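Below: the structure, in structure tokens.
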Amino acid sequence: MIRFQGVGKEYPRTGIALSHITFHVRKGEFAFLTGPSGSGKSTILKLAYMEEKPSHGDVRVSGLSARGASRREIAKLRRKLGIVFQDFRLLEDRSAEANVAFALEVTDTPKAAIQPKVHRVLAQVGLASKATSFPRELSGGEQQRVAIARALVNDPFVLIADEPTGNLDDRATRGIFQLLRDINATGTAVLMATHDLDLVRRTDHRVIELNHGRIVYDSAEAPADAPAGPIQGDTE
Amino acid sequence: MRLATREALTGFRKSPLLSVLGIVTIAFSLFAFGLFALVALNIRSALRTVEERVEIRAFVADGTSPEAIATAMGDIGSFPEVLRVTYVSPEEALVRAKRELREFSDVFESGFLPGSMDIRLRPGFRDPTTVKAVAERASTYEFVDDVRYGQEWVEKLYRLRTLATFAGLALGAAFALVAVIIIGATIRTAVLARSREIAIMRLVGATDGFVRMPFLIDGFVKGVLGGLLALAMTWFASETISRHMIRTEFFDARIAALGVLAGALIGLLGSLFSVGRHLKEV
Numbered sequence: 002m003i004r005f006q007g008v009g010k011e012y013p014r015t016g017i018a019l020s021h022i023t024f025h026v027r028k029g030e031f032a033f034l035t036g037p038s039g040s041g042k043s044t045i046l047k048l049a050y051m052e053e054k055p056s057h058g059d060v061r062v063s064g065l066s067a068r069g070a071s072r073r074e075i076a077k078l079r080r081k082l083g084i085v086f087q088d089f090r091l092l093e094d095r096s097a098e099a100n101v102a103f104a105l106e107v108t109d110t111p112k113a114a115i116q117p118k119v120h121r122v123l124a125q126v127g128l129a130s131k132a133t134s135f136p137r138e139l140s141g142g143e144q145q146r147v148a149i150a151r152a153l154v155n156d157p158f159v160l161i162a163d164e165p166t167g168n169l170d171d172r173a174t175r176g177i178f179q180l181l182r183d184i185n186a187t188g189t190a191v192l193m194a195t196h197d198l199d200l201v202r203r204t205d206h207r208v209i210e211l212n213h214g215r216i217v218y219d220s221a222e223a224p225a226d227a228p229a230g231p232i233q234g235d236t237e
Numbered sequence: 004m005r006l007a008t009r010e011a012l013t014g015f016r017k018s019p020l021l022s023v024l025g026i027v028t029i030a031f032s033l034f035a036f037g038l039f040a041l042v043a044l045n046i047r048s049a050l051r052t053v054e055e056r057v058e059i060r061a062f063v064a065d066g067t068s069p070e071a072i073a074t075a076m077g078d079i080g081s082f083p084e085v086l087r088v089t090y091v092s093p094e095e096a097l098v099r100a101k102r103e104l105r106e107f108s109d110v111f112e113s114g115f116l117p118g119s120m121d122i123r124l125r126p127g128f129r130d131p132t133t134v135k136a137v138a139e140r141a142s143t144y145e146f147v148d149d150v151r152y153g154q155e156w157v158e159k160l161y162r163l164r165t166l167a168t169f170a171g172l173a174l175g176a177a178f179a180l181v182a183v184i185i186i187g188a189t190i191r192t193a194v195l196a197r198s199r200e201i202a203i204m205r206l207v208g209a210t211d212g213f214v215r216m217p218f219l220i221d222g223f224v225k226g227v228l229g230g231l232l233a234l235a236m237t238w239f240a241s242e243t244i245s246r247h248m249i250r251t252e253f254f255d256a257r258i259a260a261l262g263v264l265a266g267a268l269i270g271l272l273g274s275l276f277s278v279g280r281h282l283k284e285v
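Residue numbers (my numbering), protein chains in the order written: chain A, 2 to 237; chain B, 4 to 285.
Right under this line is the structure:
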């Protein structure tokens with residue numbers, strides 16, 4: 002479903018960001034990407050939603066190869082991906098429901114289908130009562146729920162989350178994490194970058210650990226009796 | 004499309020001053036262009052009037068028989084370039100000279116002026132080459148002493164017209180380019196103001212065409228409004244000149260519509276450039 006094969010990424014100014022990245026996220030899987038800041042987590046996610054193209058190797062998402070994908074094909078692919086960020090990326094001048102509806106409006110969804118979908122997904126993230134609130138009237142955790150609702154509204158096959166709890170307190174973090182697990186339980190795969198090791202240790206989900214642009218550990222590749230992984234303390 | 008229109012209107016509502024500024028700059032660019040076009044139009048129409056007077060005079064030797072003249076006139080009259088040929092007898096020539104050169108009327112005496120065949124050319128055949136060719140053919144008749152057609156001023160007239168056309172085109176293109184750049188800059192500001200929205204649109208899978216559409220509508224509307232404003236200003240200028248200085252001709256409906264269309268095109272191009280550049284960057 003998301004397949005990285007010998008992927009390398011270099012930037013003209015900052016040099017090598019990733020090298021020899023090979024992994025495969027399967028349908029319905031929950032995988033963490035961990036590692037210190039600058040280890041390449043966000044770059045992997047950008048490659049996964051094809052904001053960046055690999056310098057070497059290939060990234061295939063739902064059968065689409067990053068190497069030959071046109072901008073139009075990438076746009077169509079993103080309708081099947083849900084993407085969530087640390088900074089929520091909501092439109093401040095629109096209500097929660099308008100933010101969610103926006104994702105449907107820009108993808109040519111028939112008008113009559115928008116409202117029921119928006120309400121369903123806001124209820125799913127526990128924000129049915131705050132549909133008309135604006136982002137500034139919501140807490141950080143609630144804003145992230147709106148962002149997740151927007152990511153979910155097109156029924157994605159995978160949710161890509163880049164440090165989704167990075168700006169949240171403990172309680173909100175637990176709430177968002179539980180929400181992501183609930184979403185995963187309905188069959189949507191989740192690929193989540195985080196440096197919150199407590200969160201990672203609390204579960205038995207797959208862990209892919211990066212350091213200096215390379216995969217240093219992948220729990221899916223490790224033998225069954227191996228220890229829970231080398232997970233290094235974050236250098237941040 | 005409805006969403007795109009709504010988004011375009013939102014942009015307009017959010018920054019009305021910037022939008023008005025954009026429209027006014029387009030209007031002024033097109034106004035400058037319009038004024039020049041007006042000048043060119045009036046030069047052309049003045050030239051047309053002058054051109055109508057282009058005439059070849061083939062002077063006939065004294066004592067030529069009326070039959071010979073009639074045959075020659077029949078021949079010349081059958082050239083495809085020739086509108087009509089008239090014979091002016093020495094007596095008529097004298098009357099005409101007295102009328103046209105009133106201050107010298109006492110100088111002219113009977114028999115002083117030769118008779119002539121006056122040849123007028125059809126519209127579209129009044130260029131120097133055709134005039135010269137017809138004049139040369141007329142001079143081949145033995146009884147024709149001399150052919151005059153104001154060679155110099157026919158050529159000057161044409162040079163002036165060519166110059167006016169080229170200057171008009173060059174200046175018009177320059178003004179149009181300036182207008183494209185200006186509207187590109189105003190749309191660019193609008194694009195940057197909404198870059199966050201554009202980033203989110205692309206993230207949730209909007210195509211480039213979809214992202215572009217509101218800005219194209221924005222540019223188109225600004226271009227049309229700017230064009231209409233420029234048309235109004237040009238009309239006002241033309242009226243003022245007509246009233247206080249010389250009578251001028253104004254554009255007909257077709258040209259006016261073309262002017263507004265040019266505004267729309269400039270708006271569209273400006274938008275296309277600035278959104279295209281932005282999309283290439285993200």
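For each residue, glycine too, the CB sits at the ideal point set by N, CA and C. As the structure is a prediction and not an experimental result, all values here were calculated from the model.
Quick check on Thr236/A: buried or exposed, where buried means 16 or more other Cβ atoms within 10 Å of its Cβ?
Residue confidence is low: Thr236/A scores 43 on pLDDT, short of 50, so the model does not pin down where it sits. Its coordinate-derived value is still stated next. Counting Cβ neighbours within 10 Å, Thr236/A comes out exposed, since fewer than 16 surround it.
Completely contained alpha helix (DSSP H) runs for the region 67-154 of chain B, where each covers 4 or more residues:
For the region 67-154 of chain B, the continuous alpha helix (DSSP H) assignments of 4+ residues that do not extend past its boundaries occur at 69-80, 93-103 and 131-142, in sequence order.
Per DSSP, what are the beta-bridge partners of Lys10/A in this structure?
In DSSP, Lys10/A forms a bridge with Leu19/A.
Host alpha helix (DSSP H) of Leu34/A (start-end)
Judged by DSSP secondary structure, Leu34/A falls outside any alpha helix (DSSP H) and instead within the beta strand (DSSP E) spanning Phe31 to Thr35.
Could one say the Cβ of Val122/A lies closer than 8 Å to chain B's Cβ atoms, at least one of them?
No, Val122/A does not count as interfacial toward chain B.
Check distances from the C-beta atoms of the region 186-213 of chain B to those of chain A and list, in chain order, the residues that come in under 8 Å.
Listed in sequence order: Arg199, Glu200, Ala202, Ile203, Met204, Arg205, Leu206, Val207, Gly208, Ala209, Thr210, Asp211 and Phe213.
Do Val207/B and Val1/A come within 8 Å of each other at the CB atom, strictly closer than that value?
No information on residue 1/A is available, as it lies outside the stretch 2 to 237 that chain A covers here.
Using the Cα positions of Arg73/A and Ala202/B, report the straight-line distance between them to the nearest angstrom.
Approximately 15 Å between the Cα atoms of the pair.
Out of Ala223/A, Leu65/A, His21/A and Tyr50/A, which one is the CA nearest neighbour of Gly58/A?
If we check each option's Cα against that of Gly58/A, His21/A comes out closest.
For Leu6/B, go through chain A and note every residue whose CB falls closer than 8 Å to its CB, in chain order.
Per Cβ cutoff of 8 Å: Glu106 and Val107.
Assign Arg199/B to one of two classes, buried (16 or more other C-beta atoms within 10 Å of its C-beta) or exposed (fewer than that).
Its Cβ having fewer than 16 others within 10 Å, Arg199/B is exposed.
Counting only beta-carbon atoms, is Glu11/A nearer than 8 Å to chain B?
Taking Cβ atoms only, chain B never reaches closer than 8 Å to Glu11/A, which makes this a no.
Counting pairs of beta carbons, one from the region 82-98 of chain A and one from the region 148-167 of chain A, are three or more of them closer than 8 Å?
Here the region 82-98 of chain A makes contact with the region 148-167 of chain A; the two share three or more CB pairs at distances below 8 Å.
Within this structure, are the beta carbons of Thr189/B and Leu21/B separated by less than 8 Å?
In this structure, Leu21/B lies closer than 8 Å to Thr189/B by Cβ.
Report the rounded CA-to-CA distance for Ala240/B versus Phe223/B, giving the unit in angstroms.
Whole-angstrom Cα-Cα distance: 25 Å.
Rounding to the nearest angstrom, what Cα-Cα distance links Phe82/B and Val98/B in this structure?
Their Cα atoms are separated by approximately 29 Å.
Which residues of chain B have a Cβ atom closer than 8 Å to the Cβ of Leu92/A, listed in chain order?
Arg199, Glu200 and Ile203, listed in chain order.
Do the CB positions of Val62/A and Val119/A come within less than 8 Å of each other?
Contact flag unset, no.
Can you look up Thr236/A in the DSSP assignment and give me helix, strand or coil?
Residue confidence for Thr236/A is low, a pLDDT of 43 falling below 50, so the modelled location carries little weight; the figure read from the coordinates is stated next. Thr236/A carries a coil assignment under DSSP once its states are collapsed to helix, strand and coil.
Determine the contact status of Ile186/B and Gly262/B, defining contact as a CB-CB distance below 8 Å.
Not in contact: Ile186/B and Gly262/B (Cβ atoms no closer than 8 Å).
Compare the Cα-Cα distances from Glu30/A to each of Ser71/A, Ile161/A, Val217/A and Arg202/A and report the closest residue.
Taking Glu30/A as reference, the option from Ser71/A, Ile161/A, Val217/A and Arg202/A with the minimal CA-CA separation is Ile161/A.
In chain order, what residues of the same chain lie with their CB nearer than 8 Å to the CB of Val194/B, ignoring the 5 residues before and after it?
Excluding residues within five positions, the ones whose Cβ falls inside 8 Å are Ile201, Phe218, Ser277, Val278 and His281.
Beta strand (DSSP E) segments (min. 3 residues) lying fully within the region 49-92 of chain A:
Taken in chain order, the complete beta strand (DSSP E) segments of 3 residues or longer contained in the region 49-92 of chain A are 57-62 and 82-86.
Does DSSP put His213/A in a helix, in a strand, or in coil?
Look at His213/A here: in three-state DSSP terms it is coil, with no helix or strand label.
Any idea if Met248/B is buried or exposed, counting beta-carbon neighbours within 10 angstroms, 16 or more meaning buried?
Exposed is the call here.
On a CA-only basis, which of Arg14/A, Arg79/A, Phe158/A and Glu98/A is nearest Lys131/A? Give me that one, please.
Considering only alpha carbons, the answer is Glu98/A.
Using CA atoms only, rank isn't needed, just tell me which of Leu44/B, Thr8/B and Met216/B is closest to Arg250/B.
When only C-alpha atoms are compared, the closest one is Leu44/B.
Following the continuous alpha helix (DSSP H) through Met236/B, name the residue where it begins and the one where it ends.
Element bounds for Met236/B: Asp211 to His247.
Report buried or exposed for Val101/A, applying the criterion of at least 16 other Cβ atoms within 10 angstroms of its Cβ.
In summary, Val101/A is buried, with 16 or more beta-carbon neighbours lying within 10 Å of its beta-carbon over all protein chains present.
Evaluate Pro13/A with the Cβ neighbour count: other Cβ atoms within 10 Å of its Cβ, from every protein chain shown; 16 or more gives buried, anything less gives exposed.
Burial call: exposed.
Checking the sheet assignment: what are the DSSP bridge partners for Val122/A?
Answer is none; Val122/A lacks a bridge partner.
Excluding the 5 residues preceding and the 5 following Thr133/B in the sequence, name in chain order all residues of the same chain whose CB lies nearer than 6 Å to its CB.
The residues Glu84, in chain order, have a CB closer than 6 Å to that of Thr133/B in the same chain once the five nearest residues on each side in sequence are set aside.
Listed by chain order, chain B residues near Lys77/A by CB distance under 9 Å:
When 9 Å is used as the limit between beta carbons, Lys77/A is near these residues of chain B: Gly208 and Thr210, in chain order.
Cα separation between Gly25/B and Leu123/A?
C-alpha separation (whole angstroms): 40 Å.
Measuring CB atoms only, is the region 145-158 of chain B touching the region 56-70 of chain B, in the sense that at least three cross pairs come out at less than 8 Å?
At 8 Å Cβ cutoff, the stretches touch.
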